[in-house]
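There are 2 protein chains.
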Amino acid sequence: MAITANDPHRKSWLDVPSESDFPIQNIPFGVFLTKEHVVTIGTRIGDYAIDLGALQQLDYFEGIELTDDMFMQDTLNDFISDGHKTWRQVRNRIADIFDAENPKLRDNKEHREVVIFNVSDVEMQLPVLIGDYTDFYSSREHATNVGKMFRDPENALLPNWLHIPVGYHGRSSTIVPSGIPVHRPMGQTLPNGETTPVFGPSRLVDFELETGFITTDANIMGENIPVHEAEEHIFGMVLLNDWSARDIQKWEYVPLGPFLAKNFATSISPWIVTMDALEPFRTKGPKQNPMPLPYLQQKGKHAFDICLEVSIKPEKAEETIVSKSNFKYMYWSMSQQLAHHTSNGCRVNSGDLMGSGTISGPTEDSFGSMLELTWGGKNPIKMNDGSERKFINDNDTVIMRGYCKNAEVRIGFGEVSSKLLPPFARN
Amino acid sequence: MAITANDPHRKSWLDVPSESDFPIQNIPFGVFLTKEHVVTIGTRIGDYAIDLGALQQLDYFEGIELTDDMFMQDTLNDFISDGHKTWRQVRNRIADIFDAENPKLRDNKEHREVVIFNVSDVEMQLPVLIGDYTDFYSSREHATNVGKMFRDPENALLPNWLHIPVGYHGRSSTIVPSGIPVHRPMGQTLPNGETTPVFGPSRLVDFELETGFITTDANIMGENIPVHEAEEHIFGMVLLNDWSARDIQKWEYVPLGPFLAKNFATSISPWIVTMDALEPFRTKGPKQNPMPLPYLQQKGKHAFDICLEVSIKPEKAEETIVSKSNFKYMYWSMSQQLAHHTSNGCRVNSGDLMGSGTISGPTEDSFGSMLELTWGGKNPIKMNDGSERKFINDNDTVIMRGYCKNAEVRIGFGEVSSKLLPPFARN
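Top line first, the protein sequences correspond to chains A and B.
Numbering-wise, the first sequence is residues 1 to 427 according to full-length UniProt numbering.
Numbering-wise, the second sequence is residues 1 to 427 according to full-length UniProt numbering.
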């Protein structure tokens with residue numbers, strides 16, 4: 001089935017500002033709460049949030065096989081579970097409904113009033129119920145930077161890194177959508193030169209610039225997903241801020257990996273941009289040398305050219321862009337990550353989230369964390385308001401944005417923005 | 001409210017075999033499927049599975065505040081969310097209903113027929129929907145054994161171990177109840193002396209003898225659970241086999257911890273034994289030296305005296321007991337684990353599972369994994385059928401059992417039993 005929703009010449013009868021992340025060629029999926037406290041599945045065009053539950057009730061999806069309440073739910077899990085044929089049918093249909101030439105909804109004021117909201121009038125929710133969250137570590141530049149700082153500058157990459165898309169399990173219960181503030185975590189740390197740890201607020205709270213992909217239920221327990229089939233089990237992508245407390249991490253992570261340093265919060269952008277929408281931005285990833293083992297080998301273009309940037313906004317000042325990176329730098333592709341994750345028979349469910357790992361580029365201004373940008377705090381970043389940052393201060397807001405762009409169209413993610421509050425205080 | 005269900009002198013009108021794990025003083029909670037394909041929440045007395053949904057419909061819980069369909073569900077999450085006062089009321093009521101002196105159900109044949117099943121006629125399910133699964137590493141003997149084998153025999157414990165109940169995130173999607181077989185995982189390993197990894201079936205599949213505890217929803221994001229409040233947020237315990245592929249683990253786990261070596265399967269016993277039922281078996285844990293930081297300090301008895309054993313049953317032979325251990329050996333208590341887990345504000349939900357980590361005792365026959373029992377395969381275990389085991393063979397069944405016992409009563413978990421099948425083959 002053709003992805004007619006991607007037609008770059010199509011225009012919508014809804015107004016789309018120039019440089020919007022959400023032209024009619026995007027059609028992402030999300031979940032929002034209206035002012036009337038109704039939760040629904042929706043999409044976005046320009047600055048309009050569109051209620052897909054209302055559209056379904058008004059029969060705009062006639063002819064597509066969907067359960068009656070498919071879009072009147074508070075998560076996308078069931079829709080994602082229906083598989084990529086249904087995703088594509090629905091996305092194509094939405095493009096038709098909002099096509100400038102289609103009068104059906106355009107000229108029906110009554111319908112428009114129950115279907116279309118200003119994005120500023122809705123509250124975005126988590127788009128999926130995330131059963132399991134996995135975070136990978138797939139940027140060679142990031143792994144090299146961390147290795148140089150904490151291990152051996154001459155042998156920065158660990159021996160397994162070029163053979164395995166290294167990953168580990170994260171915590172689902174603290175994944176929040178853009179806009180939800182996050183408290184500076186308390187935790188155990190070992191002061192420099194001491195042998196006895198102390199407990200208190202983390203002094204080194206950091207962001208990690210990542211993307212995440214959302215899977216459908218793809219295999220039974222014991223079964224693997226071959227690398228050449230993996231892409232069809234990926235629904236779409238979000239931006240992801242993997243909040244990290246570096247001082248807690250340093251003391252706790254040997255030998256079982258990061259735990260409390262990470263699980264206090266993970267923030268994601270609320271609109272899932274489908275792999276279909278990202279299709280025009282497919283590109284070749286970095287050359288893999290040594291050749292991966294056969295179960296990870298793939299030919300063709302499996303990376304995506306997604307421009308990424310991170311800003312820090314102090315409480316009473318304008319934001320400063322601190323990093324510009326790109327998803328195409330990732331050494332391991334999403335399909336390799338998913339094939340590896342299931343190579344042992346690990347079951348993947350609809351709505352599972354898999355993070356890319358910090359996306360650092362090759363240059364010093366493209367690193368994906370303050371740890372790397374300031375080289376462990378040695379080189380503070382100058383902010384537009386004259387202040388300096390080694391890590392994130394209380395009441396700073398960290399904003400990540402991402403978009404793809406070619407001569408014809410711009411497809412974006414919007415942003416994931418979250419404010420770091422002081423440590424939680426009980427009333 | 002008193003725990004009248006624990007009265008050691010109470011007898012049931014249901015037959016309870018001597019040495020049963022499930023006298024009327026136990027009253028665990030689980031979920032089962034009947035022959036008529038009805039899923040219900042239930043309890044167990046002797047060899048009878050009791051349908052709590054049917055009991056509720058017949059008004060046996062009158063006077064206890066419960067939603068109408070509380071027990072007609074396929075998970076215990078909502079019930080657990082109701083909190084420890086409700087758990088205790090229901091458990092006390094069940095003890096009353098089945099008390100030898102109470103004729104109400106005893107003498108009502110019609111009711112008995114819809115409420116009581118033979119355990120052999122029902123199929124046990126996962127008792128909870130597990131949102132997040134955390135595994136700790138809290139046995140000093142286990143951490144010391146592993147440290148001696150893989151690091152420095154003179155400094156076996158890592159510097160953080162005596163200060164932190166070390167833990168990490170596991171995978172929820174592959175947690176299965178007792179009885180579900182598990183496939184030997186495929187994976188990447190690095191052969192001894194080589195620098196290039198290979199992909200194939202793990203050659204070193206192991207069990208880890210653990211228990212797990214199930215939490216209720218206890219805090220909002222950002223908020224911690226103080227150590228002295230932690231116990232009231234623990235619903236109960238299960239036995240847990242943390243299946244592990246040692247060769248995959250060795251190659252993948254630095255620096256982010258075990259991943260595919262563990263997430264192919266975790267098996268749990270299906271009946272959750274409540275902390276109320278375990279109350280008489282409270283005991284003192286090991287002395288903690290150095291003194292933990294204040295947020296982990298607790299006085300009194302926070303360990304539990306639970307006898308544990310592991311058997312291996314070859315396909316065509318009787319089982320051999322390979323380890324006898326005890327939960328009381330754990331250095332860190334469950335309440336310390338939960339207080340630590342939430343010390344950074346990590347949210348805990350109803351139905352979350354937290355594993356103890358391998359429970360090794362002080363003697364060589366009380367170690368909780370084949371890795372330790374055979375000291376890395378150096379000292380194979382002699383089986384009753386004359387065969388030997390370094391690790392687990394295809395078609396072996398690993399059976400873990402656990403019980404508490406004093407002069408008056410025995411409270412047990414039943415077993416978690418699962419067969420290791422050969423690697424999964426696609427049809």
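Idealized CB from N, CA, C, for every residue including glycine.
Everything numeric in this text was worked out from a predicted model, so none of it was measured.
query: Hey, R184(B) and S202(B): beta-carbon distance below 8 Å or not?; result: yes
query: Identify whether residue 433(A) lies in helix, strand or coil by the three-state DSSP scheme.; result: Beyond the ends of chain A as shown, which are 1 and 427, falls residue 433(A); an answer cannot be given.
query: By Cβ distance below 6 Å, which residues in the same chain neighbour Q25(A) in space, the five residues on each side in sequence not counted?; result: N6 and V409
query: Pairing CB atoms from the segment 175–190 of chain A with CB atoms from the segment 306–318 of chain A, are three or more of them under 8 Å?; result: no
query: Report yes or no: is there a C-beta of chain B within less than 8 Å of the C-beta of Y403(A)?; result: no
query: Could you check whether the Cβ of V409(A) sits closer than 8 Å to any Cβ belonging to chain B?; result: no
query: Counting only runs that start and end within the segment 244–316 of chain B, where is the alpha helix (DSSP H) found for 4 or more residues in a row?; result: 246–252 and 275–278
query: Is N6(A) helix, strand or coil when you go by DSSP?; result: helix
query: Check whether the segment 44–56 of chain B touches the segment 108–121 of chain B, counting contact only when three or more Cβ pairs, one atom from each stretch, lie closer than 8 Å.; result: yes
query: Between the segment 132–142 of chain B and the segment 44–53 of chain B, do at least 3 Cβ pairs fall closer than 8 Å?; result: no
query: Per DSSP, which residues does R401(B) bridge with? Please list them.; result: E309(B) and E415(B)
query: Can you pull out the residues from the segment 339–355 of chain B whose beta carbon lies closer than 8 Å to at least one beta carbon of chain A?; result: H340, H341, S343, N344, G345, C346, R347, V348, N349 and D352
query: Looking at the unbroken beta strand (DSSP E) that takes in residue 431(B), where does it start and where does it end?; result: With chain B covering only 1 through 427, there is no way to say anything about residue 431(B).
query: Measuring only between beta-carbons, confirm whether D242(A) sits less than 8 Å from chain B.; result: no
query: Hey, could you find the ends of the alpha helix (DSSP H) D78(A) is sitting in?; result: N77 to S81
query: The segment 153–178 of chain A: which residues have C-beta closer than 9 Å to a C-beta of chain B, in chain order?; result: L158, P159, N160, H163, I164, V166, G167, Y168, H169, G170, R171, S172, S173, T174 and V176
query: Just to confirm, is the Cβ distance from L353(A) to L209(A) under 8 Å?; result: no
query: Using a cut-off of 9 Å between C-beta atoms, extract the partners of M221(A) located in chain B.; result: S173, T174, V176, I180, V182, H183, F264, A265 and F424
query: I believe I272(A) touches F235(A) by the beta-carbon criterion, under 8 Å. Please report the beta-carbon distance rounded to the nearest angstrom.; result: 7 Å
query: Distance cutoff 8 Å, beta carbons only. Does P255(B) sit that close to anything in chain A?; result: yes
query: From this set, V146(A), F259(A) and M334(A), which residue's C-alpha is nearest V227(A)'s C-alpha?; result: M334(A)
query: Rounded to whole angstroms, what is the Cα-Cα separation between V205(B) and P422(B)?; result: 11 Å
query: My output table needs one value for I180(B): the three-state DSSP class, helix, strand or coil.; result: coil
query: Output yes if chain B places a C-beta closer than 8 Å to the C-beta of D132(A); else output no.; result: yes
query: Could you give the C-beta distance for I175(B) and T274(B), rounded to a whole number, given that I count them as a contact under 8 Å?; result: Their Cβ separation, rounded to whole angstroms, is 20 Å, which puts I175(B) and T274(B) out of contact at 8 Å.
query: Determine whether the beta carbon atoms of F264(A) and W251(A) lie at a separation below 8 Å.; result: no
query: Is any beta-carbon of chain A found at less than 8 Å from that of Y331(B)?; result: no
query: Per DSSP, which residues does K382(A) bridge with? Please list them.; result: E388(A)
query: Less than 8 Å between CB atoms is the rule here; does Q188(A) satisfy it with respect to chain B?; result: yes
query: Closer than 9 Å between beta carbons: that is the criterion. Which residues of the UniProt domain "Fumarylacetoacetase N-terminal" (25–127) of chain A meet it against chain B?; result: none
query: Can the beta-carbon of F199(A) be found less than 8 Å from the beta-carbon of N241(A)?; result: no
query: Give the secondary structure of R91(A) by DSSP, where H, G and I count as helix, E and B as strand, and everything else as coil.; result: helix
query: May I ask you to report which of helix, strand or coil DSSP gives T144(A)?; result: helix
query: Which of the three DSSP states is assigned to M354(B) in this structure?; result: strand
query: Using the rule of at least 16 other Cβ atoms within 10 Å of the residue's Cβ for burial, across every protein chain shown, is D247(A) buried or exposed?; result: buried
query: With burial defined as no fewer than 16 other Cβ atoms inside 10 Å of the residue's Cβ, what is the status of H169(A): buried or exposed?; result: buried
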